[in-house]
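Notes follow the structure.
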Amino acid sequence: MITYQSVMEAIVANEPGPPDVLHLESYPRPPPKSGEILIEVKAFGLSRSDILARQGHTADAKFPQIMGREAVGIVTAGEGTVTPGTRVVAMITDLLPEYPGSYAQYTRVPATHVRRVHPLCKLSWEHLTVFSEMIPTAWNALFRALRLHPDDRLLIRGGTTSIGLAAACIAKRHCSFIASTTRQESRKELLEGVGVNKVLIDDGSLSQQIKSEGLEFTKVLDLIGAKSIADSLQCVRPYGIVCQAGTIGGDSTISDFNPMDAVPSTVSLTTYKSSAEDFRNFPLDVLCHEVESGHLKLPNIRIYFSNQIVEAHRSMEANRAEGKVVVLW
1 MITYQSVMEA
11 IVANEPGPPD
21 VLHLESYPRP
31 PPKSGEILIE
41 VKAFGLSRSD
51 ILARQGHTAD
61 AKFPQIMGRE
71 AVGIVTAGEG
81 TVTPGTRVVA
91 MITDLLPEYP
101 GSYAQYTRVP
111 ATHVRRVHPL
121 CKLSWEHLTV
131 FSEMIPTAWN
141 ALFRALRLHP
151 DDRLLIRGGT
161 TSIGLAAACI
171 AKRHCSFIAS
181 TTRQESRKEL
191 LEGVGVNKVL
201 IDDGSLSQQI
211 KSEGLEFTKV
221 LDLIGAKSIA
231 DSLQCVRPYG
241 IVCQAGTIGG
251 DSTISDFNPM
261 DAVPSTVSLT
271 TYKSSAEDFR
281 NFPLDVLCHE
291 VESGHLKLPN
301 IRIYFSNQIV
311 EAHRSMEANR
321 AEGKVVVLW
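The following block contains the structure:
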C-alpha cells in the first residue's frame, strides 16, 4: 500500500501527444538505491528534447513517463559526498528512461550526476537551473570541443536557442567577435541583447551570405544539425573548427554525405554531447560567482509553475520563450 509519506506530485505523460497529455498526478516517491541520491526538486528546466519525448519521437520513449533532464533542489537522502539539506544541481540527460525524470517533486539520481552548490551562493532556484544543462553544454562545447581562445571569431548557428544564447553570453568575454543566426528579423533584438557583434538572418545558405559580406570565422557552433552542417563547413576559414552540438533542425542524419567533398581541406568537424564526466568537471562555482557578480549575464528566464506545465510546453514549442523555460514547484 502507498502511504502518504511515499507519494509525491509528478507531471506524467500517459501517452504520446500534444502538451495536453501532461497531467499532475499522485505518484510513488522513488526510493534511492545504492550509490544514489534522492532530491527534493525545487525547479527544473525544459529542453527541446522534452518535446520529442512527449511526442514519442525518441528511440527510448516509454509511457507512462516522467520526463525532465534538468533539476535543482535539496538532497533528502542517499549516498555520496553531499549530505541531506545540501543544495544541488543534477544532470539527468543520459539517465532516461531508466531513471525517473525531473518533472516531479522528488527524483533519484546517481551520486555521480550531482554537483553541490557552494554554500555562499545566493542564486535563486530559477537561476541555478541553467547550470543543470544549458550552461555546462554551452561551456563544454565552446572550450572542450571548439577550444575557444581570445583571437577567435565565432559563429553560432541556431543563436536564439537557449544553448545558443548561453554560448553567446559566455563567449563574449573569451573571443574577439561573435555572430549569431536567426531565421526571423524580429529576433535580432534578442541576440543583440546578449552581446553578439552581428546578427545574420539564416536562409539555409549562410555560407554565401558570409562570403558576400566578407566575413571570416575561425569557429562555428552549429545547433541546427544535419540540415545545416554541410553549409556550416563552408562558413569557417582554413584550420577552423565546426562543432555540431544540437539537432533543432529535426534531422539527425545526412544522406549521401561524402567527407572528402563536404569537409574543406584543413577544416575540422567535431561534435559535443553532454556527459556526466564533463558535468562533474565544468567550473560550476566559478560560473555561479560570475553570474552573481554581474560578469556573466544569463539569457532571459521565463518562469512557470508546475500547474502551468501545459502552457510552458506550448510556449516552448511555439518558440515564444526567447530564453530558458524554467518550472518551479
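Residues 1 to 329 in the UniProt record's numbering are what the sequence shown spells out, letter by letter. Using N, Cα and C, we set each Cβ at its ideal position, and we do this for glycine too.
Beta-carbon separation (whole angstroms), residue i vs residue j, contact threshold 8 Å
i: Gly240; j: Thr218; result: 5 Å
i: residue 332; j: Ala245; result: Residue 332 cannot be examined here, being either before or after the span of the chain that is shown, 1 to 329.
i: Val41; j: Thr107; result: 6 Å
i: Pro299; j: Leu165; result: 4 Å
i: Ser306; j: Trp329; result: 5 Å
i: Ala262; j: Leu233; result: 6 Å
i: Ala111; j: Ile11; result: With 8 Å as the limit, Ala111 and Ile11 do not qualify as a contact, their Cβ atoms being about 25 Å apart.
i: Pro19; j: Val310; result: 5 Å
i: Val89; j: Glu36; result: That pair is no contact at about 16 Å.
Rounded straight-line distance, which links the Cα of residue j to that of residue i
i: Asp203; j: Arg87; result: 44 Å
i: Ala53; j: Gln184; result: 27 Å
i: Asn140; j: Pro28; result: 35 Å
i: Pro100; j: Met67; result: 7 Å
i: Ala167; j: Phe143; result: 10 Å
i: Met91; j: Lys297; result: 22 Å
i: Ala230; j: Glu317; result: 26 Å
i: Gly214; j: His127; result: 39 Å
i: residue 334; j: Ser212; result: Lying before the first or after the last residue shown, residue 334 is absent from the chain, which here runs from 1 to 329.
i: Ser102; j: Ser293; result: 29 Å
i: Asn319; j: Gly193; result: 17 Å
i: Glu290; j: Glu15; result: 42 Å
i: Ile51; j: His313; result: 7 Å
i: Ser47; j: Gln209; result: 30 Å
i: Leu284; j: Asn197; result: 27 Å
i: Gly195; j: Pro31; result: 44 Å
i: Leu148; j: Leu24; result: 43 Å
i: Thr253; j: Lys122; result: 43 Å
i: Gly225; j: Phe282; result: 24 Å
i: Leu287; j: Met134; result: 12 Å
i: Leu146; j: Ala171; result: 11 Å
i: Gln308; j: Phe63; result: 21 Å
i: Val72; j: Pro264; result: 42 Å
i: Ala321; j: Thr182; result: 14 Å
i: Ser268; j: Glu216; result: 16 Å
i: Thr61; j: Asp251; result: Reading off the sequence, residue 61 comes out as Ala, not Thr. Approximately 18 Å between the Cα atoms of the pair.
i: Val327; j: Ala43; result: 6 Å
i: Ala13; j: Arg280; result: 30 Å
i: Asp278; j: Cys169; result: 20 Å
i: Ile201; j: Gly78; result: 49 Å
i: Leu120; j: Ile178; result: 33 Å
Distance CB(residue i)-CB(residue j) smaller than 7 Å
i: Leu221; j: Cys235; result: no
i: Ser180; j: Asp151; result: no
i: residue 410; j: Thr76; result: Residue numbering for the chain in the displayed model covers 1 to 329; residue 410 lies beyond these limits and cannot be assessed.
i: Gly323; j: Ile303; result: no
i: Leu191; j: Val199; result: yes
i: Gly45; j: Ser132; result: yes
i: Lys273; j: Gly249; result: no
Selected residue, minimal CA-CA separation from residue i, among the options
i: Thr266; options: Asp278, Pro119, Ser212, Arg237; result: Arg237
i: Glu70; options: Glu290, Thr182, Leu95, Leu298; result: Leu95
i: Gly85; options: Met91, Gly78, Ile303, Ile74; result: Ile74
i: His325; options: Glu98, Lys172, Val130; result: It is Val, not His, that sits at residue 325 in the sequence shown. Val325 has its Cα closest to that of Val130, out of Glu98, Lys172, Val130.
i: Ser34; options: Gly80, Val72, Leu46; result: Gly80
i: Ser26; options: Ser6, Ser207, Leu223; result: Ser6
i: Glu9; options: Arg314, Leu22, Pro16; result: Leu22
i: Gly17; options: Gln65, Val327, Gly225, Leu46; result: Gln65
i: Thr58; options: Ser268, Thr247, Val286; result: Thr247
i: His174; options: Asp278, His295, Ala61; result: His295
i: Ser49; options: Gly78, Ile163, Ile178, Pro264; result: Ile163
Contact test: residue i Cβ vs the ligand SAM heavy atom, cutoff 6 Å
i: Leu328; result: Only the bare structure without any ligand can be found here, which leaves the ligand SAM out of the picture.
Flag this pair as touching only if the region 154-161 and the region 185-195 have three or more C-beta atom pairs under 8 Å; answer yes or no.
Result yes; three or more Cβ-Cβ pairs closer than 8 Å.
Spell out a yes or no on whether the region 252-265 and the region 115-130 are touching, meaning 3 or more CB-CB pairs, one atom from each, closer than 8 Å.
Contact between the region 252-265 and the region 115-130 is absent: fewer than 3 CB-CB pairs across the two stretches fall below 8 Å.
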